[in-house]
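Everything below concerns the one structure shown next.
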Amino acid sequence: NEAKLLIREARSLIVKAISITTSHDQQSRLLDLVEIFREYTEFGRIRHTSTLLASQVANLENATKRIEIQARTQAKTTPTKPTQATQAKPTWASVASQEPTNSAKNWTLVSHTNARDTSLYSTRDAKNTALSRKCTFLLAHIEQATSFSAISTRNSLNTAFRSKGIKGLVISIVSLSSKGNIIVNTTPEFNSDFLVQNIEIIKGVLPLVKSIQKGEPWYKVIIHGIPIREDSGLQRAGSVVVAFPTEIQANRAIKNRLLIAGISAKVVKYHTISSTAQCTRCAGYGHLDSICKREPKCLLCGESHVTENHFCSICKKKGKKCPHVITKCSN
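Take the sequence shown: its position 255, counted from the start at 1, is 295 in the working numbering, and no numbers get skipped.
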């Protein structure tokens with residue numbers, strides 16, 4: 041809804057403010073504010089950071105003002121240089137009277153190049169950059185969520201790095217995984233290799249850290265037609281999602297299929313679907329119309345038909361919203 045979109049925009053402004061400011065203390069306070077937004081958007085509540093809200097409101101207002109000033113400064117365009125007077129067009133008589141020149145000419149060889157879609161590569165580079173800044177601290181025992189404080193852990197790690205002469209903030213976000221391990225994201229100036237090299241500094245703050253696992257890309261596929269052990273009487277086969285460490289292995293499985301339990305199973309690429317993605321067939325969330333098997337619902341009137349078949353008997357419009365339709369929610 042609109043409220044969540046505004047909250048995400050505010051969080052983006054805070055992240056921009058972190059990259060602008062040079063004060064370590066102010067960066068730390070802004071990171072606290074990012075952590076508050078993360079807890080609210082992911083968990084719907086604020087547990088450990090409610091006491092920090094009052095002190096961060098002023099920082100948010102000042103950061104917003106600085107961003108607006110910087111945007112106005114960048115929007116100012118430099119004055120264009122006056123165009124030079126155009127040269128007089130030579131006549132045929134003047135051209136014919138000129139002496140021919142025998143100077144050698146340099147020829148430029150032009151080779152054919154295949155056009156490549158740079159958007160795909162830029163997306164991959166962005167994902168690889170994000171993974172290079174993410175790593176997991178594997179602990180000796182499972183950390184309990186009730187006794188874990190993401191903000192205090194992040195501040196303790198940054199203080200330890202600063203005491204060793206490292207300038208700037210190293211850790212930006214700290215969270216707890218479902219398995220009880222600690223997941224950290226570094227600032228853009230550092231990466232997971234830096235954390236692996238300085239594991240002794242991390243162990244000084246978190247003695248239970250056994251090792252550090254760097255963020256690695258995984259390529260997921262869906263395997264269809266897997267036999268189900270329990271016979272429900274209706275469905276005899278199901279689908280499973282598996283991940284390969286390399287894209288080459290995933291594409292090979294998609295092309296050649298996989299042999300599982302004596303069955304040549306079909307393999308397709310796994311597409312991540314957001315929980316907020318709405319199906320245009322049933323108006324539900326979390327899936328697309330290409331795989332929807334639910335009863336169709338019109339997004340305009342809420343009746344049991346697809347939106348394309350919606351028809352207005354007054355203005356004769358089909359599949360489109362008109363002033364005569366009474367919109368209804370089908371969820």
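All residues carry an ideal CB built from backbone N, CA and C; glycine is no exception.
Since the structure is predicted, the reported quantities are computational estimates derived from the model, not experimental observations.
Whole-Å CB distance - residue i paired with residue j, under 8 Å assumed
i	j	result
Val-224	Val-214	5 Å
Leu-298	Val-307	6 Å
Tyr-259	Ala-290	4 Å
Ile-241	Ala-190	Ile-241 to Ala-190, Cβ: 19 Å. No contact.
Ile-54	Gln-110	Actually they do not touch by this definition, with Cβ atoms about 15 Å apart.
His-181	Leu-246	In fact, because the Cβ distance is near 12 Å, the residues do not count as touching under 8 Å.
Leu-328	Thr-367	About 22 Å separates the two Cβ atoms, so there is no contact after all.
Asn-238	Thr-176	With 8 Å as the limit, Asn-238 and Thr-176 do not qualify as a contact, their Cβ atoms being about 16 Å apart.
Ala-277	Pro-267	6 Å
Under 9 Å between C-beta atoms of residue i and residue j
i	j	result
Gln-66	Leu-178	no
Cys-338	Ser-370	yes
Ser-381	Gly-255	Because the chain in this structure spans residues 41 to 371, residue 381 falls outside the shown range and cannot be described.
Val-261	Lys-295	no
Arg-194	Leu-73	no
Ser-315	Gly-326	yes
Glu-348	Lys-358	yes
Ser-68	Asn-198	yes
Gly-265	Ile-303	yes
Leu-171	Pro-257	yes
Ile-107	Thr-81	no
Ala-323	Gly-342	yes
With 16 other Cβ atoms within 10 Å as the buried cut-off, status of residue i
i	result
Ala-305	buried
Arg-334	exposed
Ala-125	Only weak support is given to the placement of Ala-125: the predicted model assigns it a pLDDT of 48, under 50, and the question is left unresolved by the model.
Thr-123	Note on Thr-123: pLDDT 49, under 50, position unreliable in the model; no value is reported.
Leu-209	buried
Ile-211	buried
Phe-230	buried
Ala-57	buried
Ile-76	buried
Arg-173	buried
Glu-79	buried
Leu-45	exposed
Pro-336	buried
Thr-12	This structure cannot settle anything about residue 12, because the visible part of the chain is limited to 41 through 371.
His-350	buried
Leu-160	Any answer about Leu-160 is weak, because its pLDDT of 49 lies below 50 and its placement is not dependable; what the coordinates show is given next. By the 10 Å Cβ count, Leu-160 comes out exposed.
Ile-263	buried
Arg-321	buried
Glu-42	exposed
Ala-283	exposed
Ala-50	exposed
Thr-226	buried
Ala-293	buried
Cys-319	buried
Ser-187	exposed
Residues bridged to residue i (per DSSP)
i	result
Ser-215	Ile-223
Phe-351	Lys-358
Ser-344	DSSP output for Ser-344 lists no bridge partner at all.
Val-249	Leu-179
Lys-254	Cys-175
Gln-114	Answer is none; Gln-114 lacks a bridge partner.
Gln-318	Tyr-325
Tyr-259	Phe-284
Problem - Unbroken stretches of the alpha helix (DSSP H), 4 residues or longer, contained in the region 262 to 316 - result: Annotation note: the region 262 to 316 contains the following uninterrupted alpha helix (DSSP H) runs of length 4 or greater, listed N- to C-terminal: 287 to 296.
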